[in-house]
Ligand code: ASP
Ligand code: MG
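Residue numbers (the working numbering): 118 to 557.
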């Protein structure tokens, strides 16, 4: 059995949803199809929630009506017969009635989660209506019946496994199951979610839970690329990556895969494939335990980074200094991404400034503290990077004109990271594309 996950743009237009149906019926292997909300829907639901939180019911009502109109048009084009359209409109109307009821009652965070869940609930139901009209046998599996998170908001893989296998066992005759990405039930039994972009995470959890042959993530690009296609003109898809490499790239901004979705697949040894709905026969990217080949595979960048430098003569020949510094970050639950040291100073980076003031105040007890906000980490990722011939020379020659603030090499054999001012992010990605990959 395999998992096929389709993102918002893959189901965002009626004709794209038709393509998805063709893809899920292309082979005989039993499958669980995980769908995101139609593109734009979750953003609209966030706005509706924001309006309600601000007490702007009129604005929320307008937003709901606008969204409803979008779904009405969608259904007109998705389905052919009047009967199928009418049946689907009845199903979707329930969700808009629900949103309209929320307008009238007092708003709270739990209700907000209910609002956010409507997107995936509607996309899966509309897809089911389409399969129904085409006479394609399938079953809708409500994610809220098996996808649960604990009090720390961590998915409960053990219980997901048990519940899913019970559900699947009850329907042994079915080959195509449809379910929602993103949504879950929390420890209080309320509707919750796996955070924005979480449908990939759902897919990976489901794949792990059913020990799937593969977890296919279908988007509108042909896999992970060696660089950010929005920033450099020429990029190439990467054929194979290890889970570790993919995790680095996903964290450092390759938007194609949610970073949290790596661990379930990695832990349960389920291969992940990134595929393109527009070019279903393209190879895409295969992510497995093995890296496939050695050398540099990609560069990626993440901005919104703050660098903190602590300079202290007390650091000279002292032990225990770094521990004290790290303890401050631990106390404020702020993770450190990059770190470089000299004999009298240490520089490190964080991507979460929510406790910055408190952190600085405590660090000042150890020495002089300097801050550089608006930095970007540019990461060069691969397998045994050091084995790529002349890699460091190529790297440093290409960034000769970039004011690099920090360099980190050797932390793992799979990564070299540079910290540059965010304003230089684009240029850095461009010069590296040429210098390392020979692409303009
Ligand atoms: N629909 C959700 C979002 O837009 C989840 C997802 O698409 O992955 O964040
Ligand atoms: Mg996504």
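Note that beta-carbon positions come from the ideal geometry of N, C-alpha and C, so glycine has one too.
Small disclaimer: the values here were computed from a predicted structure and weren't measured.
Return the CA-CA distance between residue i and residue j, expressed in angstroms with no decimal places.
i: residue 141; j: residue 335; result: 11 Å
i: residue 349; j: residue 458; result: 32 Å
i: residue 237; j: residue 480; result: 45 Å
i: residue 346; j: residue 355; result: 13 Å
i: residue 194; j: residue 139; result: 16 Å
i: residue 201; j: residue 213; result: 19 Å
i: residue 250; j: residue 122; result: 22 Å
i: residue 430; j: residue 424; result: 20 Å
i: residue 286; j: residue 211; result: 30 Å
i: residue 230; j: residue 181; result: 16 Å
i: residue 302; j: residue 342; result: 34 Å
For residue i, is the classification buried or exposed, using 16 other Cβ atoms within 10 angstroms of its Cβ as the cut-off for buried?
i: residue 190; result: exposed
i: residue 436; result: exposed
i: residue 188; result: buried
i: residue 522; result: buried
i: residue 492; result: buried
i: residue 300; result: buried
i: residue 265; result: buried
i: residue 235; result: buried
i: residue 160; result: exposed
i: residue 207; result: exposed
i: residue 478; result: exposed
i: residue 124; result: buried
i: residue 507; result: exposed
Which same chain residues, not among the five before or five after residue i, have their C-beta less than 6 Å away from its C-beta?
i: residue 501; result: 411 and 530
i: residue 519; result: 537, 541 and 545
i: residue 129; result: 155 and 156
i: residue 87; result: Residue 87 lies beyond the stretch modelled for the chain, which goes from 118 to 557, so this question has no answer here.
i: residue 351; result: 556 and 557
Considering only residues of the same chain and omitting the five flanking positions on each side of residue i, which have a CB-CB separation below 8 Å?
i: residue 331; result: 119, 120, 324, 387, 388, 389 and 390
i: residue 498; result: 362, 365, 366, 369, 413, 414, 415, 416, 417, 531 and 532
i: residue 407; result: 357 and 359
Tell whether a beta-carbon distance below 9 Å holds between residue i and residue j.
i: residue 419; j: residue 358; result: no
i: residue 147; j: residue 278; result: no
i: residue 549; j: residue 512; result: yes
i: residue 155; j: residue 316; result: no
i: residue 280; j: residue 263; result: yes
i: residue 216; j: residue 258; result: no
i: residue 494; j: residue 451; result: no
i: residue 322; j: residue 272; result: yes
i: residue 377; j: residue 473; result: no
i: residue 306; j: residue 260; result: no
i: residue 401; j: residue 340; result: yes
i: residue 295; j: residue 245; result: yes
i: residue 149; j: residue 329; result: yes
i: residue 428; j: residue 486; result: yes
i: residue 243; j: residue 192; result: yes
i: residue 327; j: residue 276; result: no
i: residue 490; j: residue 470; result: yes
i: residue 456; j: residue 525; result: yes
Thinking just about the alpha-carbon of each residue, which of the options is nearest to the one in residue i?
i: residue 385; options: 198, 538, 392 and 360; result: 360
i: residue 308; options: 172, 540 and 233; result: 233
i: residue 426; options: 416, 417 and 439; result: 439
i: residue 219; options: 175, 255 and 262; result: 175
i: residue 368; options: 551, 544, 194 and 534; result: 534
i: residue 554; options: 274, 339, 364 and 353; result: 353
i: residue 417; options: 405, 460, 362 and 383; result: 362
i: residue 179; options: 162, 194, 195 and 192; result: 162
i: residue 60; options: 329, 157 and 285; result: There is simply no residue 60 to check, as the chain begins at 118 and stops at 557 in what is shown.
i: residue 540; options: 204, 422 and 407; result: 422
i: residue 313; options: 374, 498 and 256; result: 374
i: residue 304; options: 268, 478 and 508; result: 268
i: residue 527; options: 429, 424, 520 and 509; result: 509
i: residue 405; options: 243, 165, 351 and 333; result: 333
i: residue 240; options: 516, 380 and 185; result: 185
i: residue 253; options: 135, 123 and 351; result: 135
i: residue 221; options: 398, 177, 470 and 396; result: 177
i: residue 517; options: 319, 552 and 483; result: 552
i: residue 483; options: 443, 468, 504 and 226; result: 443
i: residue 228; options: 398, 167 and 342; result: 167
i: residue 143; options: 172, 320 and 398; result: 398
Leaving out five residues on either side along the sequence, give the residues of the same chain with a beta carbon under 7 Å from the beta carbon of residue i.
i: residue 446; result: 453 and 476
i: residue 224; result: 169 and 170
i: residue 127; result: 133, 137, 335, 336, 337 and 394
i: residue 546; result: 344, 345, 348, 349, 416, 418 and 495
i: residue 380; result: none
i: residue 248; result: 138 and 255
i: residue 204; result: 246
i: residue 396; result: 339
i: residue 503; result: 530
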